[in-house]
Amino acid sequence: MENYLYCTYCKGTTARQDQVTALSLDIEGTSSIEEAFLRYFEAEVLDGNNLYLCQYCLGRRKTIKGVSIVQLPFIATIGIKRFVFNFEDMKIEKLYHKVVFHEIIDMNQFMVNGKIYSEDDTEAFSNAPSAMEKREQLKRRFLLNGPYVYELYCIIAHQGRADAGNYCAFIKCLKTKRWLQFDTMVSLATPQLILSTLGGTNQDPSAVCLYYRQLGESPQHNKIPISI
1 MENYLYCTYC
11 KGTTARQDQV
21 TALSLDIEGT
31 SSIEEAFLRY
41 FEAEVLDGNN
51 LYLCQYCLGR
61 RKTIKGVSIV
71 QLPFIATIGI
81 KRFVFNFEDM
91 KIEKLYHKVV
101 FHEIIDMNQF
111 MVNGKIYSED
121 DTEAFSNAPS
131 AMEKREQLKR
141 RFLLNGPYVY
151 ELYCIIAHQG
161 RADAGNYCAF
171 IKCLKTKRWL
181 QFDTMVSLAT
191 PQLILSTLGG
201 TNQDPSAVCL
211 YYRQLGESPQ
221 HNKIPISI
């Protein structure tokens, strides 16, 4: 991850790279992971009382501050902030609203202009032949844009209130292409159950962490980037 400061006067740029192992997205006021990504990478304008002292032209200038991705790892970990602190009641609360995420996402364009691409799928998480063929077509089309195309393979979900509840995992078998639920026992997960992790009610398990795997052959272990 690269943190940058861009002086609008002299066009000088200061950048610092930091290693992060996961992106933690704020979902308050958003309805999709795409919206949360855009908020995370939205540039901030330092102006007025917040003018930045540019190290190049040595003046206090209007500056653009932001972050960008330098390199994406083979496994992309995305945290969903469903637990927030209510300063009025002085307690932790859980956000139950629906936050849409997709099985296949194209992050090539996101590396350039702050957008990620996915497609709505009425047969999401289904193993029907038509649904599987549609996903394969989507993969091939996205890969034309570059190598950073990712497929969802694991969902960590929480069911219950902020102060009580249960965590479970949904993992996709890469051989059978079927989703399994890991709770008190391991069982097949229906598409409807997996879709319930998008949220919307306080009864369903809601996703708090997503694991995406880059399409293609797994690189050698010592070549897998550990951060972005």
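The numbering of the sequence shown is the UniProt record's numbering, which starts it at 1 and goes up by one. Backbone N, C-alpha and C fix where the C-beta goes; we use that ideal spot for every residue, glycine too.
Can you give the beta carbon distance from residue i to residue j, rounded, assuming they're within the 8 angstroms contact cut?
i    : j    : result
G199 : Y96  : 6 angstroms
I155 : A207 : 5 angstroms
P205 : A157 : 4 angstroms
E151 : E103 : 6 angstroms
T134 : S31  : Per the sequence shown, residue 134 should be read as Lys rather than Thr. In fact, because the Cβ distance is near 23 angstroms, the residues do not count as touching under 8 angstroms.
I69  : M1   : 6 angstroms
Go to residue i, then tell me how far its beta strand (DSSP E) extends in each direction, as first and last residue.
i           : result
F83         : 83-86
K94         : 91-94
residue 229 : Since the first residue shown for the chain is 1 and the last is 228, residue 229 is missing from the structure and cannot be characterised.
L46         : 44-46
V67         : 63-68
L188        : 186-188
Which residue marks the beginning of the alpha helix (DSSP H) containing residue i, and which one marks its end?
i    : result
Y40  : 33-40
I194 : 191-195
In this structure, what does DSSP give as the bridge partners for residue i?
i    : result
D204 : Answer is none; D204 lacks a bridge partner.
H158 : Y167, S206
Q17  : E2
F101 : For F101, which the question treats as bridged, DSSP gives no partner whatsoever.
I75  : R213
E151 : I104, R213
L23  : I78
Y52  : R61
C7   : T63
V172 : The sequence given here places Lys at residue 172; Val does not occur at that position. W179, per the DSSP bridge assignment.
Thinking C-beta only, is residue j closer than 7 angstroms to residue i?
i    : j    : result
K81  : D26  : yes
R60  : Y9   : no
T77  : A36  : no
C168 : D183 : yes
N3   : V67  : yes
L38  : T63  : no
L195 : V186 : no
Y148 : Y211 : no
K94  : F85  : no
F74  : Q192 : no
Y52  : G12  : no
G79  : S24  : yes
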